[in-house]
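This report concerns only the one structure given below.
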Amino acid sequence: MEPISRIDATEGVLYFRGLSVADLTPHRDFEEVLYLLVHGDLPSSAEHGAMSQALTAKRQVFIDRLDSFRMTRERSGTPALELLVEAMDEIKEELSLTPYDACLTFVACVPIAVALDYRTNNGMEFVEPDAHMSHAANLLWMLTGKKPSSRDIHDFTTCLVLHMDDPDNPSLSALIDTLGKGGSLSVALTEAIREHRGRLHHGAGAEAAKMIIQCRDSPDIREYLRDRLLAGEKIYGLGHRIYRTLDPRARILRQMLRDRLAAEDPLPEVIERVASLGAEVLSEHKGIVVHPNVDLYNAVVYSTFGLPSSLNTDLFALSRAAGWMAHILDVLGAERV
Numbered sequence: 000m001e002p003i004s005r006i007d008a009t010e011g012v013l014y015f016r017g018l019s020v021a022d023l024t025p026h027r028d029f030e031e032v033l034y035l036l037v038h039g040d041l042p043s044s045a046e047h048g049a050m051s052q053a054l055t056a057k058r059q060v061f062i063d064r065l066d067s068f069r070m071t072r073e074r075s076g077t078p079a080l081e082l083l084v085e086a087m088d089e090i091k092e093e094l095s096l097t098p099y100d101a102c103l104t105f106v107a108c109v110p111i112a113v114a115l116d117y118r119t120n121n122g123m124e125f126v127e128p129d130a131h132m133s134h135a136a137n138l139l140w141m142l143t144g145k146k147p148s149s150r151d152i153h154d155f156t157t158c159l160v161l162h163m164d165d166p167d168n169p170s171l172s173a174l175i176d177t178l179g180k181g182g183s184l185s186v187a188l189t190e191a192i193r194e195h196r197g198r199l200h201h202g203a204g205a206e207a208a209k210m211i212i213q214c215r216d217s218p219d220i221r222e223y224l225r226d227r228l229l230a231g232e233k234i235y236g237l238g239h240r241i242y243r244t245l246d247p248r249a250r251i252l253r254q255m256l257r258d259r260l261a262a263e264d265p266l267p268e269v270i271e272r273v274a275s276l277g278a279e280v281l282s283e284h285k286g287i288v289v290h291p292n293v294d295l296y297n298a299v300v301y302s303t304f305g306l307p308s309s310l311n312t313d314l315f316a317l318s319r320a321a322g323w324m325a326h327i328l329d330v331l332g333a334e335r336v
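Take the sequence shown: its letters are residues 0 to 336, numbered as in numbering that gives the first Met the number 0.
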């Protein structure tokens, strides 16, 4: 079986189970790619339907505990996503779940936790998931309270799929290391989430969005980036620990951003200037060659769905839960049923 994911650093290609992510995103939804990561092959029509039905059914686990999550959240101030992670061991034991079913329950419930946090923090009523919607469509529905268009569902699905796994990152290392030391599902996911929130990991997308807005408002982008670097601050969205060319996810999101924004919107051009001028500044002052990575685009793309950059890290976690599931089952040697 092909590895869960791998990167061709020179060509700039990300593979999920041997299939290029760029080939998956135009036609495959979250449920199909989740099946691919977990089982190693794309699903048949029947298997796709079964995966969709399973995710729908397992969302009820969170809904059944909604009042408890709400009360604990209000009392402690702990985000619902973290409460869900802490509760997974108890849920697994209470419902006698296999590792597969426990992980699938987590994947199904993360969007509800993220939506609960977002809407509550912004003074909006909680929106329950719709059993007739896909995973991606449901998330948009629960976050915005509006039925998403087919175009938004397609584009948002692409965003989620692009971030479903990465073979070498701090959150995955924390997850695998904790499991290897005998840590439970809740403990392993807690460590993964902790690493995931770091500013140089997936917190970088939100930081990049702030930086881009500052560049847009600056009279001289190159000078702003140079001053930022000389002040010891990071130029977010450039460079990658593995890719030696343009991050393939960045390539897809760059085009999506241009397609989704009006032709007269200056933001895509601002981002391209950040990419080129930032590369010049880093070459001049650090002697390194860099290319855009996914962080340069993802939070800005999410903003075209009406979602703030503050959601970026949780949206990453929501996608990455799929890859975490596949890796957990690999480490445990668990059956995929």
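Where is the CB? At the ideal position from N, CA and C, for every residue including glycine. If you're wondering where the values come from, they're calculated on a predicted model, not measured in any experiment.
Residue nearest to G236 in terms of C-alpha spacing, selected from N292, V330, A79 and G179 = Counted from its first residue, the sequence shown places residue 236 at position 237. When only C-alpha atoms are compared, the closest one is N292.
query = Would you call the CB atoms of A325 and D100 closer than 8 Å?
reply = By 1-based counting over the sequence shown, the position of residue 325 is 326. By 1-based counting over the sequence shown, the position of residue 100 is 101. Cβ atoms of A325 and D100: not closer than 8 Å.
request  = With a cut-off of 8 Å on the beta carbons, I'd call E296 and A249 a contact; round off their distance for me.
outcome  = As a working mapping, residue 296 is identified with position 297 in the sequence shown. As a working mapping, residue 249 is identified with position 250 in the sequence shown. Checking the sequence shown, residue 296 turns out to be Tyr, not Glu. Sure, about 6 Å apart at Cβ, within 8 Å.
DSSP state of I241 mapped onto helix, strand, coil = Here residue 241 refers to the residue found at position 242 when the sequence shown is read from its first residue. Note: I241 maps to coil in three-state DSSP.
query = Can the beta-carbon of V60 be found closer than 8 Å to that of C108?
reply = By 1-based counting over the sequence shown, the position of residue 60 is 61. By 1-based counting over the sequence shown, the position of residue 108 is 109. Yes, the pair counts as a contact, with Cβ atoms nearer than the cut-off.
query = For the beta strand (DSSP E) that contains I6, what are its first and last residues?
reply = Here the question's residue 6 lines up with position 7 in the sequence shown. I6 -> beta strand (DSSP E) spans S4 to D7.
task = Pick helix, strand or coil for P247, following the three-state DSSP scheme.
result = The sequence position of residue 247 within the sequence shown is 248, counting from 1. Helix, per DSSP.
Host beta strand (DSSP E) of Y301 (start-end) = The residue you call residue 301 lines up with position 302 of the sequence shown. Note, Y301: premise wrong, no beta strand (DSSP E); alpha helix (DSSP H) at N297 to S302.
query = From H200 to L54, what distance separates their C-alpha atoms?
reply = Locating residue 200 in the sequence shown gives position 201, counting from the first residue. Locating residue 54 in the sequence shown gives position 55, counting from the first residue. Interpretation of H200 is limited by its pLDDT of 48, a score under 50 that renders its predicted location unreliable; the figure taken from the coordinates is listed afterwards. Using only the alpha carbons, I get a separation of about 28 Å.
task = Please name the residue, chosen from E194, T157 and D22, that lies closest to L174 on a Cα-to-Cα basis.
result = Mapped onto the sequence shown, residue 174 falls at position 175. Closest option to L174, Cα to Cα, is E194.
message = Would R5 and P166 be called neighbours here (beta carbons separated by less than 8 Å)?
response = Here residue 5 refers to the residue found at position 6 when the sequence shown is read from its first residue. Here residue 166 refers to the residue found at position 167 when the sequence shown is read from its first residue. Taking the C-beta atoms as reference points, P166 is found nearer than 8 Å to R5.
message = Whether or not the stretch 204-221 and the stretch 265-272 are in contact is what I'm after, with contact meaning three or more pairs of Cβ atoms, one per stretch, closer than 8 Å; do they touch?
response = yes
key: Residue closest to A21, alpha-carbon to alpha-carbon, out of V12, D28 and F29   = Reading the sequence shown from its first residue, position 22 is the one you call residue 21. The candidate whose alpha carbon is nearest that of A21 is V12.
query = Where do the N-terminal and C-terminal ends of the beta strand (DSSP E) with L337 fall, by residue?
reply = Lying outside 0 to 336, the shown extent of the chain, residue 337 is not represented and no answer is given.
ask   = Applying the criterion that 16 or more other CB atoms from any shown protein chain within 10 Å of the CB defines a buried residue, is M70 buried or exposed?
value = By one-based count along the sequence shown, residue 70 stands at place 71. Exposed, by the Cβ-count rule.
key: the stretch 300-314 contacting the stretch 143-161, beta-carbon criterion three pairs below 8 Å   = With a cut-off of 8 Å, the stretch 143-161 and the stretch 300-314 count as touching, because enough Cβ pairs lie within range.
task = Have a look at P2 and H38 and give me their C-alpha separation to the nearest angstrom.
result = In the sequence shown, the residue the question calls residue 2 occupies position 3. In the sequence shown, the residue the question calls residue 38 occupies position 39. Taking the Cα positions, P2 is about 11 Å away from H38.
ask   = Should F15 and F155 be called a contact, given that it needs their Cβ atoms to be closer than 8 Å?
value = Counting from 1 along the sequence shown, the entry for residue 15 is found at position 16. Counting from 1 along the sequence shown, the entry for residue 155 is found at position 156. Result no, Cβ atoms of F15 and F155 do not sit closer than 8 Å.
query = Would D116 pass as a contact of P78 if the rule is Cβ separation under 8 Å?
reply = The residue you call residue 116 lines up with position 117 of the sequence shown. The residue you call residue 78 lines up with position 79 of the sequence shown. Result yes, Cβ atoms of D116 and P78 sit closer than 8 Å.
query = Is there contact here, the stretch 85-98 with the stretch 124-140, by at least three beta-carbon pairs under 8 Å?
reply = no
ask   = My guess is that H153 and E30 are in contact by the Cβ rule of under 8 Å, so how many angstroms apart are they, rounded?
value = Taking the first residue of the sequence shown as 1, we reach residue 153 at position 154. Taking the first residue of the sequence shown as 1, we reach residue 30 at position 31. That belief does not hold up - the Cβ atoms of H153 and E30 are roughly 14 Å apart, past 8 Å.
query = Would you report the Cα separation of K57 and R196, rounded to the nearest angstrom?
reply = For this step, residue 57 is matched to residue 58 along the sequence shown. For this step, residue 196 is matched to residue 197 along the sequence shown. If I take the Cα positions, the gap works out to 26 Å.
Alpha carbon of D66 to alpha carbon of K180, nearest angstrom = In the sequence shown, the residue the question calls residue 66 occupies position 67. In the sequence shown, the residue the question calls residue 180 occupies position 181. Approximately 34 Å, taken between the alpha carbons.
key: Inter-residue CB distance, C102 and I327 (contact presumed, cutoff 8 Å)   = Taking the first residue of the sequence shown as position 1, residue 102 is located at position 103. Taking the first residue of the sequence shown as position 1, residue 327 is located at position 328. Contact holds; Cβ gap of about 6 Å.
query = alpha helix (DSSP H) containing E31: first to last residue?
reply = Indexing the sequence shown from 1 puts residue 31 at position 32. For E31, the uninterrupted alpha helix (DSSP H) run begins and ends at F29 to H38, by DSSP.
message = Within a Cβ cutoff of 8 Å, which residues of the same chain sit near L353, ignoring the five residues on either side of it in sequence?
response = Summary: the structure shown does not reach residue 353, with the chain confined to residues 0 through 336, and so no result is reported for it.
ask   = Can you give the Cα-Cα distance for G231 and E10, rounded to whole angstroms?
value = Here residue 231 corresponds to residue number 232 of the sequence shown, with the count starting at 1. Here residue 10 corresponds to residue number 11 of the sequence shown, with the count starting at 1. If I take the Cα positions, the gap works out to 31 Å.
ask   = When DSSP labels each residue in this structure, what does A316 get in the three-state scheme?
value = Translated into positions along the sequence shown, residue 316 becomes position 317. The answer is helix: DSSP assigns A316 an H, G or I state.
key: Opening and closing residue of the alpha helix (DSSP H) in which T55 lies   = By 1-based counting over the sequence shown, the position of residue 55 is 56. From DSSP, the alpha helix (DSSP H) with T55 extends over S44 to D63.
query = Based on the DSSP secondary-structure assignment, which residues constitute the bridge partners of S19?
reply = In the sequence shown, counting from the first residue as 1, residue 19 sits at position 20. According to DSSP, residue pairing for S19 in a beta bridge involves Y14.
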